[in-house]
Structures are given as structure tokens and as C-alpha cells.
């Protein structure tokens, strides 16, 4: 039983001093901020500016393809 206690204590000490998780968490925060900024600028969902542009582009390609055939 003491062996498992010592192993658990050592693992918790290593986890407390490990800084790799902090860096990846910071990257997650930056990614969320970028996604939020892009969503705020261009709108979200199919009704946003990006969705409308994609729909218009696909429609133009489809019409050009239909006219060519």
C-alpha cells in the first residue's frame, strides 16, 4: 500500500511541475479568440457573409457548368 502512495505522490509532484499543459492551454485560448474575432466580423451560420459568398460561388459554378453542357 505504501508503494502505491509513493508512486501517486511522485506522479502528482511531476504533474504540478509540468508546464507543457500550460502552453497548450494558451494556444487553445488564442485559437478561441481568433475564431471569435472571425465570427464577429463575418457572421456565423449560413446567413453570414461567408455562407452567402460560398453559396453565390457554388451557384455561379453550377450555372456555368450547366450552360457548358
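Numbering (the working numbering), first residue to last: 1078 to 1146. Even for Gly, the Cβ is constructed at its ideal location relative to N, Cα and C. Every value quoted in this text rests on a predicted model; they were computed, and no experiment measured them.
When you compare only the Cα positions, how much space is there between residue 1142 and residue 1128?
21 Å
Would you mind stating whether residue 1125 and residue 1119 have Cβ atoms separated by less than 8 Å?
yes
For the alpha helix (DSSP H) holding residue 1128, just list the boundary residues, first then last.
Looking at the DSSP string, the run of the alpha helix (DSSP H) that includes residue 1128 is 1126–1145.
Whole angstroms is fine: what's the gap from residue 1087's alpha carbon to residue 1093's?
Roughly 10 Å between the two C-alpha positions.
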